[in-house]
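S.K.: Using our numbering, read the sequence shown as starting at 393 and increasing by one per residue.
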Amino acid sequence: MTSTIDLNSDLGENVPDRIVSDDSAMLGLVSSANVSCGFHAGSPEGIRSTLEAAKKGGVVIGAHPGYDDYEGFGRRPLDVPAATLQAQVEYQIGALLGLTAAVGGSVAYVKPHGGLYNAIVRDEAQAKVVVDAVKAVDESLVFLGLAGSVANRVAAEAGLTVAAEAFADRSYNPDGSLVSRTEPNAVLHDPEAVAARVLRLVQTGQVEAIDGSLVDVDAQSICFHGDSQGSIDMARAARELLESSDVDIAAFAGSSR
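(1) Within 10 angstroms of its Cβ, does Glu405 collect 16 or more other Cβ (buried), or is it exposed?
(2) Does Glu557 pass the burial test, meaning 16 or more other C-beta atoms within 10 Å, or should it be called exposed?
(3) Does the stretch 507-518 come into contact with the stretch 528-535, if we say contact requires no fewer than three beta-carbon pairs (one atom in each stretch) closer than 8 angstroms?
(4) Considering only residues of the stretch 474-515, which uninterrupted beta strand (DSSP E) runs meet the minimum length of 3 residues and lie entirely inside it, listed in chain order?
(5) Output the distance between the C-alpha atoms of Arg649 and Ser424, rounded to the nearest integer angstrom.
(6) What would DSSP say about Leu633, mapped onto helix, strand or coil?
(7) Assuming Phe616 and Ala627 form a contact by the criterion Cβ under 8 angstroms, report the distance between their Cβ atoms to the nearest whole angstrom.
(8) With a Cβ-Cβ cutoff of 8 angstroms, do His505 and His456 count as a contact?
(9) DSSP on Ile439, reduced to helix/strand/coil?
(10) In the DSSP output, which residue or residues are listed as bridge partners for Gly449?
(11) Just the C-alpha distance for Ile614 and Glu482, rounded to the nearest angstrom, thanks.
(12) Tell me which residues share the same chain as Lys447 and place their Cβ nearer than 7 angstroms to its Cβ, disregarding the 5 neighbours each side in the sequence.
(13) On the DSSP bridge assignment, give the partners of Arg562 in chain order.
(14) To the nearest angstrom, how far is the alpha carbon of Ala517 from that of Arg467?
(15) Count the other CB atoms, across all protein chains shown, that sit within 10 Å of the CB of Ile485; report buried if there are 16 or more and exposed otherwise.
(16) Using 8 angstroms as the Cβ pair cut-off and three pairs as the minimum, do the stretch 629-644 and the stretch 583-592 touch?
(17) From the DSSP output, which residues share a beta bridge with Asn364?
(18) Starting from Asp608, trace the alpha helix (DSSP H) in both directions and tell me its first and last residue.
(19) Ala555: which of Ala547, Asp561 and Arg562 sits nearest, CA to CA?
(20) Looking at Val412: is its Cβ nearer than 8 angstroms to the Cβ of Val451?
(21) Do you know offhand how far Asn544's Cα is from Pro566's?
(22) Can you tell me where the beta strand (DSSP E) with Leu538 in it begins and where it stops?
(23) If I follow the unbroken beta strand (DSSP E) through Glu600, where does it start and stop?
(24) DSSP state of Ile411, grouped into three classes?
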């Protein structure tokens with residue numbers, strides 16, 4: 393049984409005409425924040441504000457780069473030339489490193505976003521591009537990716553420290569991949585059901601797939617999407633259940649300093 397787990401959320405994605413998450417509330421519940429780097433969502437001012445709040449709250453900061461796809465919120469599959477993708481990922485990580493330094497903090501890890509994250513679960517070529525970008529900027533950054541993914545293997549083979557992630561609010565296929573958001577019931581919303589699912593994952597290393605089968609998931613971090621309906625209630629319910637079950641909530645990488 394795992395006695396410690398990290399809780400993370402994708403934040404820094406708000407702009408005045410597209411508010412998708414309550415960053416302040418979520419930062420009071422998670423131990424790590426995957427902060428948008430501006431290509432798929434967010435604005436420099438808003439991202440900086442989220443970074444300041446994370447630093448103040450002692451939440452570890454991670455860079456959350458994605459495809460250059462603001463209109464699609466970075467969730468659409470894109471065919472990006474390798475050189476372009478590598479430069480875009482390097483640019484985004486660099487931007488977040490700069491903003492984080494400006495508020496007196498540091499970036500501890502990188503978690504790709506959305507369509508890019510999903511692509512490198514299986515696409516070794518794109519995974520290598522992303523890993524090369526992380527190494528080129530700062531090889532001390534921890535790589536956070538889906539448990540059992542090609543990306544995590546490629547990152548480990550390249551010498552990066554790797555952490556595996558599971559999702560509290562997403563349905564799983566029997567092979568351990570996430571159910572596509574285009575499919576029914578891909579995103580979960582019930583706080584009690586999600587909390588029980590998270591506790592089971594932490595205690596047994598298993599999650600129930602959409603067909604009812606059990607999938608083995610070895611994860612050091614569990615994600616709550618900040619833009620999911622009811623995300624705060626789900627994260628709060630899960631945290632309360634974990635703590636009442638003697639599970640400590642602690643970041644998997646670095647420290648907010």
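Beta carbons are placed, not taken as given, at the ideal position from N, Cα and C, and that holds for glycine.
As the structure is a computational prediction, the values presented were derived from the model and not from experiment.
M.R.: According to the structure shown:
(1) Indexing the sequence shown from 1 puts residue 405 at position 13. Per the 10 Å Cβ criterion, buried.
(2) For the purposes of this step, residue 557 is identified with residue 165 of the sequence shown, where counting begins at 1. Glu557 is buried by the Cβ-count criterion.
(3) Of all C-beta pairs linking the stretch 507-518 to the stretch 528-535, fewer than three are shorter than 8 angstroms, placing the two stretches out of contact.
(4) Unbroken beta strand (DSSP E) stretches of 3 residues or longer found wholly inside the stretch 474-515: 499-502, given in chain order.
(5) Taking the sequence shown and counting its residues from 1, the one referred to as residue 649 is at position 257. Taking the sequence shown and counting its residues from 1, the one referred to as residue 424 is at position 32. The predicted position of Arg649 is uncertain, since its pLDDT is 37 and thus under 50; a value taken from the coordinates is nonetheless stated next. If I take the Cα positions, the gap works out to 13 angstroms.
(6) Stepping through the sequence shown from its first residue, residue 633 is reached at position 241. In this structure, Leu633 counts as helix in the three-state DSSP scheme.
(7) Here residue 616 refers to the residue found at position 224 of the sequence shown. Here residue 627 refers to the residue found at position 235 of the sequence shown. Indeed, because the Cβ distance is near 4 angstroms, the residues count as touching under 8 angstroms.
(8) Reading the sequence shown from its first residue, position 113 is the one you call residue 505. Reading the sequence shown from its first residue, position 64 is the one you call residue 456. Taking the C-beta atoms as reference points, His456 is found nearer than 8 angstroms to His505.
(9) Numbered from 1 along the sequence shown, position 47 holds the residue referred to as residue 439. Secondary structure of Ile439 (DSSP, three-state): helix.
(10) In the sequence shown, counting from the first residue as 1, residue 449 sits at position 57. Per DSSP, none; premise fails for Gly449.
(11) For the purposes of this step, residue 614 is identified with residue 222 of the sequence shown, where counting begins at 1. For the purposes of this step, residue 482 is identified with residue 90 of the sequence shown, where counting begins at 1. Near 25 angstroms, if we compare the C-alpha coordinates of Glu482 and Ile614.
(12) By one-based count along the sequence shown, residue 447 stands at place 55. Non-local beta-carbon contacts of Lys447 in its own chain, meaning distances under 7 angstroms to residues more than five positions away in sequence, involve Val495, Gly496, Gly497 and Ser648 in chain order.
(13) Position 170 of the sequence shown holds residue 562. Arg562 is bridged to Val579.
(14) Translated into positions along the sequence shown, residue 517 becomes position 125. Translated into positions along the sequence shown, residue 467 becomes position 75. Between the C-alpha atoms of Ala517 and Arg467 there is a straight-line separation of about 19 angstroms.
(15) Taking the first residue of the sequence shown as position 1, residue 485 is located at position 93. When all chains shown are included, Ile485 counts as buried.
(16) Touching, yes.
(17) Any property of residue 364 remains undetermined from this structure, which presents the chain solely from 393 to 649.
(18) Mapped onto the sequence shown, residue 608 falls at position 216. From DSSP, Asp608 is part of no alpha helix (DSSP H) but of the beta strand (DSSP E) over Leu606 to Asp608.
(19) Position 163 of the sequence shown, counted from the first residue, corresponds to residue 555. Comparing Cα-Cα distances from Ala555 to each of Ala547, Asp561 and Arg562, the minimum goes to Ala547.
(20) The count along the sequence shown starts at 1 and reaches residue 412 at position 20. The count along the sequence shown starts at 1 and reaches residue 451 at position 59. No, they are not a contact pair.
(21) Taking the first residue of the sequence shown as 1, we reach residue 544 at position 152. Taking the first residue of the sequence shown as 1, we reach residue 566 at position 174. Straight-line Cα distance between these residues: approximately 19 angstroms.
(22) The residue you call residue 538 lines up with position 146 of the sequence shown. Taken as a continuous stretch (DSSP letters only), the beta strand (DSSP E) holding Leu538 covers Val534 to Leu538.
(23) Within the sequence shown, residue 600 is the residue found at index 208, counting from 1. First-last of the beta strand (DSSP E) with Glu600: Gln598 to Glu600.
(24) Residue 411 sits at position 19 when you count from the first residue of the sequence shown. Secondary structure of Ile411 (DSSP, three-state): coil.
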